[in-house]
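Enquirer:
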Amino acid sequence: MKFLDRILSYGRIRRARRALAADPSPRNYLALAQQYALADRRADAQRICVEGLEAFPENIQLARYYQRTRRSEREARLAELHRELAFSPRAPLWRELCEILIESDELTRAEEELNRWLATGDHPEAHYLLGRVLLARFYADRGRTQGRAAMAALDQAIARLPNDLRPLRAKLDFLTKIGAWQDARDCAARCLSVEPGTLELEGRYRTLAARAEGAPSIERALFEVERSGRLAGEEGGEGVRTSAGSVQALLREFATQPDVQAALYVRGSTALVQGPKGATAERTARTVQSILASSRSTGRRLGLGQVFQIQLEGSFGTLSIAPGEQDAGALLCSGPLGRGREEMLLGMAGLNAATAGSETAVHPGGDQ
Amino acid sequence: MIAFLESLSRLPGVEFVLLISHDGVPIAHARGCSESAYEESLAALTSQWLNDLRHHVAPLGWHPPERAFLRGARGTLVLRSSESACLVVVLGREAAPEDVRLSMDSVLARIERARHGRSQVAPGTCTPAGMPEPAPAIPSGHDGVATEESLQPDPHHGHSPSN
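Order-wise, the sequence lines are chains A and B. The opening position of the first sequence corresponds to residue 1 in my numbering, with each subsequent residue numbered one higher. The opening position of the second sequence corresponds to residue 369 in my numbering, with each subsequent residue numbered one higher.
1) Using Cβ-Cβ distances below 8 Å, what residues of the segment 435 to 447 of chain B are close to chain A?
2) Say whether the segment 443 to 461 of chain B touches the segment 339 to 346 of chain A, bearing in mind that this needs 3 or more beta-carbon pairs closer than 8 Å, one atom from each stretch.
3) My understanding is that Arg-70(A) touches Gln-35(A), with C-beta atoms under 8 Å, so please give their C-beta distance in whole angstroms.
4) Where do the N-terminal and C-terminal ends of the beta strand (DSSP E) with Phe-138(A) fall, by residue?
5) Report buried or exposed for Phe-372(B), applying the criterion of at least 16 other Cβ atoms within 10 angstroms of its Cβ.
6) Pro-427(B) by DSSP, collapsed to three states: which one?
7) Output the boundary residues of the beta strand (DSSP E) element that contains Thr-318(A).
8) To be precise: take each residue of the segment 307 to 323 of chain A, compare its Cβ to all Cβ atoms of chain C, and keep it if any distance is under 7 Å. Which residues remain?
9) Taking a Cβ distance cut-off of 7 Å, strictly less, list which residues of the segment 203 to 225 of chain A are near chain B, in chain order.
10) What span of residues does the beta strand (DSSP E) with Leu-331(A) cover, start to end?
11) Could you spell out the range, first to last residue, of the alpha helix (DSSP H) harbouring His-82(A)?
12) Leu-114(A) and Leu-129(A) look like a contact to me (Cβ under 8 Å); what is the Cβ gap, rounded to whole Å?
13) Which residues in the same chain have their Cβ closer than 7 Å to the Cβ of Thr-298(A), if we skip the five residues on either side of it in sequence?
14) I want to verify the contact list: residues of chain A whose CB lies under 9 Å from the CB of His-397(B), in sequence order.
15) Buried or exposed: Ser-508(B), going by 16 or more other Cβ atoms within 10 Å of its Cβ?
16) Hey, out of Ala-464(B), Val-382(B), Arg-448(B), Leu-413(B), whose CA is closest to Arg-399(B)'s CA?
17) Buried or exposed for Pro-162(A), going by 16 or more other Cβ atoms inside 10 Å?
18) Name, in chain order, the residues that DSSP records as bridge partners for His-397(B).
19) Pull up the distance between the alpha-carbon of Asp-44(A) and that of Leu-312(A), whole angstroms please.
20) Under a Cβ-count criterion, where at least 16 other Cβ atoms within 10 Å of its own Cβ denotes burial, should Leu-4(A) be classed as buried or exposed?
21) What residues in its chain sit with their C-beta under 6 Å from that of Gly-335(A), if we drop five residues either side in the sequence?
22) In whole angstroms, what is the alpha-carbon distance linking Arg-27(A) and Arg-42(A)?
23) I want to see whether chain A comes within less than 7 Å of His-390(B), judged by CB atoms only; does it?
24) Alpha carbon to alpha carbon, how far is Arg-17(A) from Gly-11(A)? Give it in angstroms, no decimals.
25) If we define contact as Cβ-Cβ less than 7 Å, is Arg-190(A) a contact residue for chain B?
26) Rounded to whole angstroms, what is the Cα-Cα separation between Thr-176(A) and Ala-464(B)?
27) Give the residues of chain B in contact with Ser-294(A), contact being defined as C-beta atoms less than 8 Å apart.
28) Please name the residue or residues paired with Ser-193(A) in a DSSP beta bridge.
29) Could you give the DSSP three-state label for Thr-120(A): helix, strand or coil?
30) Given a threshold of 16 other Cβ atoms within 10 Å of its Cβ, counted over all protein chains shown, does Phe-174(A) qualify as buried or as exposed?
31) Hey, Leu-371(A) and Arg-190(A) are a contact pair by Cβ (cut 8 Å); roughly how many whole angstroms apart?
32) Assign Thr-287(A) to one of two classes, buried (16 or more other C-beta atoms within 10 Å of its C-beta) or exposed (fewer than that).
33) Leaving out five residues before and five after Glu-103(A) in sequence, what residues of the same chain have Cβ atoms less than 7 Å from its Cβ?
34) Since Glu-313(A) sits in a beta bridge, which residues does DSSP pair it with?
35) Return no unless some Cβ of chain A is closer than 7 Å to the Cβ of Pro-394(B).
36) State the DSSP-derived secondary structure class of Glu-501(B), mapped to helix, strand or coil.
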């Protein structure tokens, strides 16, 4: 059966390649990648996705398919590692398993595996990886509890690996990111004692020493991060941006649906609004931004982790907001949201689109 | 009331069920699969969020939301508000707010009915407006007067069994 499948897949792949050569569109790239994935040629599928994304960097479907193929490859490797660990458990396998899980942001699974590893003995490397897991969780959630847990785990790892720079560097990054400059300076000094003469560390030490005076304590800095949801130096966070055009196309698509009253994309203090006009658009955008801010803060305080959907229902209809790290999509409709629209909305969050100079942009935060 | 909440807490994925007043005072709670006891902080944070939402939607001329949820990476907070109280459900990662929509609506309706029943329905089966209760469409053995066991001795004119 597998042999027959392989023979049949050759023909399908050949046809998809010809179609792509004749018309190199995102759809044809996707079709060829799918054929490769069906034939169990994941590396080829990824190569086609990368090629397609180079030609069409804003194509969401190709980007998603690329992520899916990468995920399936990771899952295959994880299954192999689990099989191997069942027969002969050893530290390098545990480490690879946990690193894959951490890199793919599966923190709960990584923590479970690390606890299983630690149950077999006191492995210093496991403590360091546990510190990384808790650190990643703090960076995602920005809650005080997670911050304290990450700090405690890193201290344990440093105690077990005193001459290893990795846990010390992780702690230095953590302290710098929360703005506890004085403790960060002390940590940089400790890093230098492990690796004396490193120019980069010396530079960091000097910068931190200049900021140390009047710096908040770790607990105060964690409180401030939890309150604001921002790490130190994150105010003007500029990541990779997609163009405003792709977001506006999505907003227009939403707005054409009969029961949709407003579709919004919010980033910083700027909002792209489709539907309401003038003062109503501004008020709607301001409301969405306020709801977003208070909901993110509540989510952090409740320990719910990174918030990815907020929905309000009432006599006004349904207002659904899908927050990304720096942006959010929102949809106000008179009826229920529905599965399809919910998925589209969730896809809008995290696009990190440019909003300046857009014709539908309103600046509700401009006067604050 | 706790019995109502417990039926909700037994649903798969439900970690905690809490009934709070609109000013954030916990009225009753039931624990699902969660081990932690955090009703005080949950009540405070939830009512603060609900109040914030009310303030935020007010400039648009909207009424306060009747249902709201906050979905995060490690769980979901679902609120269902009625005129007298607010039902809060904390769900685990694997559960979706839609899974508890009907159950929350029915539990809150039962709580409201119980509250109205206690405060408003007098023993003489009169409604608050003083109108007599309409006769049921189908006579039953519990509330009709046709069955013998439901006849009560008249305290003023009849004879008590002991006489």
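A virtual CB, placed ideally from N, CA and C, is assigned to each residue, including glycine. Source: prediction; values computed, not measured.
Expert: Working from what's here:
1) Correct list: Arg-435, Ala-436, Phe-437, Leu-438, Arg-439, Gly-440, Ala-441, Arg-442, Gly-443, Thr-444, Leu-445.
2) Judged by Cβ distances under 8 Å, the segment 443 to 461 of chain B makes no contact with the segment 339 to 346 of chain A, as fewer than three pairs qualify.
3) As a working mapping, residue 70(A) is identified with position 70 in the first sequence. As a working mapping, residue 35(A) is identified with position 35 in the first sequence. About 18 Å separates the two Cβ atoms, so there is no contact after all.
4) As a working note, residue 138(A) is residue 138 in the first sequence. Taken as a continuous stretch (DSSP letters only), Phe-138(A) belongs to no beta strand (DSSP E), being part of the alpha helix (DSSP H) at 124 to 141.
5) Counted from its first residue, the second sequence places residue 372(B) at position 4. Buried.
6) Here residue 427(B) is taken as the residue at index 59 of the second sequence, counted from 1. The answer is helix: DSSP assigns Pro-427(B) an H, G or I state.
7) Counting from 1 along the first sequence, the entry for residue 318(A) is found at position 318. Per DSSP, Thr-318(A) belongs to the beta strand (DSSP E) from 317 to 323.
8) Annotation note: the requested chain C is absent from the structure, which comprises protein chains A and B.
9) Using a CB distance below 7 Å, no part of the segment 203 to 225 of chain A faces chain B.
10) Looking up residue 331(A) in the first sequence gives position 331. Segment 327 to 333, the beta strand (DSSP E) holding Leu-331(A).
11) Position 82 of the first sequence holds residue 82(A). First-last of the alpha helix (DSSP H) with His-82(A): 60 to 87.
12) Mapped onto the first sequence, residue 114(A) falls at position 114. Mapped onto the first sequence, residue 129(A) falls at position 129. Under the criterion of beta carbons closer than 8 Å, Leu-114(A) and Leu-129(A) qualify as touching, at roughly 6 Å.
13) Indexing the first sequence from 1 puts residue 298(A) at position 298. Cβ within range, chain order: n/a, list empty.
14) Numbered from 1 along the second sequence, position 29 holds the residue referred to as residue 397(B). The premise fails here: His-397(B) is roughly 15 Å from chain A at the closest Cβ pair, so nothing lies under 9 Å.
15) In the second sequence, counting from the first residue as 1, residue 508(B) sits at position 140. Caution is warranted here: a pLDDT of 44 is assigned to Ser-508(B), below 50, making its placement in the model unreliable, and the coordinate value is therefore given only provisionally. Ser-508(B) comes out exposed.
16) Along the second sequence, read from residue 1 onward, the residue named residue 399(B) stands at position 31. When C-alpha distances from Arg-399(B) are compared across Ala-464(B), Val-382(B), Arg-448(B), Leu-413(B), the shortest belongs to Val-382(B).
17) Working through the first sequence from its first residue, we reach residue 162(A) at position 162. Pro-162(A) counts as exposed, since fewer than 16 other beta carbons sit within 10 angstroms of its beta carbon.
18) As a working mapping, residue 397(B) is identified with position 29 in the second sequence. According to DSSP, which records beta bridges pairwise, His-397(B) is partnered with Leu-386(B).
19) Here residue 44(A) is taken as the residue at index 44 of the first sequence, counted from 1. Here residue 312(A) is taken as the residue at index 312 of the first sequence, counted from 1. Approximately 44 Å, taken between the alpha carbons.
20) Sequence index remark: in the first sequence, residue 4(A) carries index 4 (1-based). Exposed, because fewer than 16 other Cβ atoms sit within 10 Å of the Cβ of Leu-4(A).
21) If you number the first sequence from 1, residue 335(A) lands on position 335. These residues qualify, in order along the chain: Asp-259.
22) Along the first sequence, one-based indexing puts residue 27(A) at 27. Along the first sequence, one-based indexing puts residue 42(A) at 42. C-alpha separation (whole angstroms): 18 Å.
23) For the purposes of this step, residue 390(B) is taken as the residue at position 22 of the second sequence. No, its Cβ sits nowhere closer than 7 Å to a Cβ of chain A.
24) Position 11 of the first sequence, counting from 1, holds the residue named residue 11(A). Position 17 of the first sequence, counting from 1, holds the residue named residue 17(A). Distance between the alpha carbons of Gly-11(A) and Arg-17(A) is about 10 Å.
25) Counted from its first residue, the first sequence places residue 190(A) at position 190. By the rule that beta-carbons nearer than 7 Å mark a contact, Arg-190(A) does not touch chain B.
26) For this step, residue 176(A) is matched to residue 176 along the first sequence. For this step, residue 464(B) is matched to residue 96 along the second sequence. Approximately 37 Å, taken between the alpha carbons.
27) Position 294 of the first sequence, counted from the first residue, corresponds to residue 294(A). Under the 8 Å cutoff, chain B gives Trp-417, Asp-420, Leu-421, His-424.
28) For the purposes of this step, residue 193(A) is identified with residue 193 of the first sequence, where counting begins at 1. Per the DSSP secondary-structure output, Ser-193(A) pairs with nothing in a beta bridge.
29) Walking along the first sequence from the start, residue 120(A) turns up at place 120. DSSP places Thr-120(A) in coil when its eight states are reduced to three.
30) Working through the first sequence from its first residue, we reach residue 174(A) at position 174. Phe-174(A) counts as buried, since at least 16 other C-beta atoms from the protein chains shown sit within 10 angstroms of its C-beta.
31) It is not possible to answer for residue 371(A), since the shown part of chain A is limited to 1 through 368.
32) For the purposes of this step, residue 287(A) is taken as residue 287 along the first sequence, with counting starting at 1. By the 10 Å Cβ count, Thr-287(A) comes out buried.
33) The count along the first sequence starts at 1 and reaches residue 103(A) at position 103. Listed in chain order, the non-local C-beta contacts of Glu-103(A) below 7 Å within the same chain number zero, local neighbours out to five positions each way being set aside.
34) In the first sequence, residue 313(A) corresponds to position 313, counting from 1. The beta-bridge partner set that DSSP reports for Glu-313(A) consists of Thr-318(A), Arg-435(B).
35) In the second sequence, residue 394(B) corresponds to position 26, counting from 1. Chain A, which has no Cβ nearer than 7 Å to the Cβ of Pro-394(B), makes this no.
36) Stepping through the second sequence from its first residue, residue 501(B) is reached at position 133. The pLDDT assigned to Glu-501(B) is 49, lower than 50, so where the model puts this residue is not dependable; a value taken from the coordinates is nonetheless given after this. Looking at Glu-501(B) - three-state DSSP - the assignment turns out to be coil, as it is neither helix nor strand.
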